[in-house]
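Residue numbers (the numbering used here), protein chains in the order written: chain A, 1 to 275; chain B, 1001 to 1084. Report on the structure given below.
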Amino acid sequence: MSCVEANGLTFHVQELGQGPPVAMIHGMFLGNLASWYFSVAPILAGEHRVLMYDLRGHGRSERATTGYDLDTQAADLRALTARFDGQPLDLVGHSYGGLVALRFAVDHPERVRRLAIVEAPLPPQQIAENRAVLGLHPDMMLEVMDPARLRAAIGAAGHDADELMGRLLPPGMKDTLLGSKRRLRNFFRGLHFLMTETTIGRDVEAERDFTSAELANLERPVLAVYGESSSCRPAGDRLAAELPQARLEIMPCGHYVLGERPLELAELIRGFLHG
Amino acid sequence: MIREVIGEDWDLDQPVTAKTSFANDLELESIEFVALAEKLHGKYGSDVDFVSWLSGKELDQIIQLEVGDVVEYIDRCLASKPTA
């Protein structure tokens, strides 16, 4: 496994391809670098050197208990991309990873060439998909390793299990997880850690929104991709209206564009980075 | 190699065969597919482009993958490699 020390933590990183550098950032809670690794990254790797990493506390990166705010995670990104020797970067981020990319670009525009934001929520708290996760009782996640018991427990907490799982998990992932006790257990272990042993919930709640002035001053081409049925969709309209060089693309799917429309998304981003 | 990817969770009482399914028998997670890809790259280099091969598949196809499918893919890549 490729581990890198950056910003005081050990991160799991992967690289594919050769060419101008791109950093891809996954979403918080459910994501890890595999989200990009098996969807868009292989297509970009035909023309780019693609860097992916597991966010702090996610995947196989170090289990950090603090630092889930955008400033700290943008500093993680800055440290991890130091390997590109000051070459301007393209950034691609999904969900909260899109906000990490946006924070980095607003604070260090000289380091960024182009920015593709997929389904980033604005304000940062405005995401029903995350709220569904945060609303679950953490103990429920650890105790319930059996799909039938999980459904019952979610139901007992006042949710419709199918509706909640459908909203929570990317299409396909729900069946994949429920089909394996090991995957389900590890998945909920990861979530349980984030929600009981870290500041992630508080950090998301306390995150400040991007100001209109910050957006208006970002003189970089931005591609904003949103799903037409996603709760984040209004953020796409705001980015398109307030960023000076933004293009908005609406896709026929929900929040998890990477899982639902991987090839279309890959072609869209590839074309944008090329242009 | 597969045992290294799964690590301490390894509790398979059956031997791994060509018919062993990554997702159903080994219960691999997505991040472990990444580790497998990294190990294959480390062993075979760019002759075997496991990532591109996987990325061309739908999720349900990946779920159905058996060890024999990957072995066959590797064989095909190595067979088509021009001999020096």
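Don't be surprised by glycine CBs; every beta carbon is placed ideally from N, CA and C. Small disclaimer: the values here were computed from a predicted structure and weren't measured.
Got a sec? Which residues, its chain only, sit under 6 Å from arginine 103 (chain A) by beta carbon, not counting five neighbours each side? Numbered from 1 along the first sequence, position 103 holds the residue referred to as residue 103 (chain A). So the list reads Leu70, Ala74, once near-sequence residues are dropped.
What's the gap between the Cα of glutamine 18 (chain A) and the Cα of leucine 51 (chain A)? Mapped onto the first sequence, residue 18 (chain A) falls at position 18. Mapped onto the first sequence, residue 51 (chain A) falls at position 51. Distance between the alpha carbons of glutamine 18 (chain A) and leucine 51 (chain A): 10 Å.
DSSP three-state assignment for histidine 192 (chain A), whether helix, strand or coil: Position 192 of the first sequence, counted from the first residue, corresponds to residue 192 (chain A). In the three-state scheme derived from DSSP, where H, G and I count as helix and E and B as strand, histidine 192 (chain A) is classed as helix.
Would you say isoleucine 1086 (chain B) and glutamate 1032 (chain B) are within 8 Å of each other, going by their C-beta atoms? Since the first residue shown for chain B is 1001 and the last is 1084, residue 1086 (chain B) is missing from the structure and cannot be characterised.
Alpha helix (DSSP H) containing threonine 72 (chain A): first to last residue? The residue labelled residue 72 (chain A) in the question sits at position 72 within the first sequence. Looking at the DSSP string, the run of the alpha helix (DSSP H) that includes threonine 72 (chain A) is 70-80.
For aspartate 90 (chain A), which residues from the same chain have a beta carbon less than 8 Å from its beta carbon, with the 5 sequence-adjacent residues on both sides left out? Along the first sequence, one-based indexing puts residue 90 (chain A) at 90. Cβ contact annotation for aspartate 90 (chain A) (same chain, cutoff 8 Å, sequence separation greater than five): Pro20, Pro21, Val22, Ala23, His48, Val112, Arg113, Arg114, Leu115, Ala116, Leu273, in chain order.
Alpha carbon to alpha carbon, what distance is there between alanine 1023 (chain B) and proline 262 (chain A)? Taking the first residue of the first sequence as position 1, residue 262 (chain A) is located at position 262. Taking the first residue of the second sequence as position 1, residue 1023 (chain B) is located at position 23. Distance between the alpha carbons of proline 262 (chain A) and alanine 1023 (chain B): 20 Å.
Throw me the rounded Cβ distance for the valine 1034 (chain B) and alanine 34 (chain A) pair, which I believe falls under 8 Å. Looking up residue 1034 (chain B) in the second sequence gives position 34. Looking up residue 34 (chain A) in the first sequence gives position 34. So it is a contact: roughly 5 Å between Cβ atoms.
Out of A:Gln126, A:Gly97, A:Leu55, A:His108, state which residue places its alpha-carbon closest to the alpha-carbon of alanine 206 (chain A). Position 206 of the first sequence, counting from 1, holds the residue named residue 206 (chain A). Ranking A:Gln126, A:Gly97, A:Leu55, A:His108 by Cα distance to alanine 206 (chain A) puts A:Gln126 first.
Could I get the ranges of all uninterrupted beta strand (DSSP E) runs contained in the segment 77-120 of chain A, with 3 residues as the minimum, in chain order? For the segment 77-120 of chain A, whole beta strand (DSSP E) runs of length 3 or above, ordered along the chain, are 89-94, 112-118.
Mind listing the chain A neighbours of glutamate 1027 (chain B)? Cutoff is C-beta to C-beta under 8 Å, in chain order. By one-based count along the second sequence, residue 1027 (chain B) stands at place 27. What glutamate 1027 (chain B) touches in chain A: Ser180, Lys181, Arg182, Arg183.
Given leucine 1065 (chain B), which residues of its chain have a CB within under 6 Å of its CB, disregarding the five upstream and five downstream residues? Along the second sequence, read from residue 1 onward, the residue named residue 1065 (chain B) stands at position 65. Only Phe1022 meet the Cβ criterion.
By DSSP, does glycine 59 (chain A) sit in helix, in strand, or in coil? Looking up residue 59 (chain A) in the first sequence gives position 59. Reduced to three states, the DSSP call for glycine 59 (chain A) is coil.
Measuring CB to CB, does alanine 105 (chain A) end up less than 8 Å from leucine 218 (chain A)? Taking the first sequence and counting its residues from 1, the one referred to as residue 105 (chain A) is at position 105. Taking the first sequence and counting its residues from 1, the one referred to as residue 218 (chain A) is at position 218. It is a contact, given that the beta carbons lie within the stated cut-off.
Burial state of proline 42 (chain A), where buried means 16 or more other Cβ atoms lie within 10 Å: As a working mapping, residue 42 (chain A) is identified with position 42 in the first sequence. Around the beta carbon of proline 42 (chain A), a 10 Å sphere encloses 16 or more other beta carbons of the protein chains shown; the residue is thus reported as buried.
So with Cβ pairs under 8 Å, would you call glutamate 1008 (chain B) a contact of chain A? Looking up residue 1008 (chain B) in the second sequence gives position 8. The C-beta of glutamate 1008 (chain B) comes no closer than 8 Å to any C-beta of chain A.
Beta-carbon proximity list for proline 221 (chain A), same chain, < 6 Å, skipping 5 on both sides: Translated into positions along the first sequence, residue 221 (chain A) becomes position 221. If we look at proline 221 (chain A) and ignore the five residues flanking it on each side, its Cβ neighbours are Arg114, Gln245.
Determine the DSSP secondary structure at cysteine 3 (chain A), reduced to helix, strand or coil. Indexing the first sequence from 1 puts residue 3 (chain A) at position 3. Reduced to three states, the DSSP call for cysteine 3 (chain A) is strand.
Secondary structure, beta strand (DSSP E): runs of 3+ residues fully inside the segment 6-59 of chain A: As summarised for the segment 6-59 of chain A, the continuous beta strand (DSSP E) elements at least 3 residues long and confined to that stretch are 9-16, 21-25, 49-53, given in chain order.
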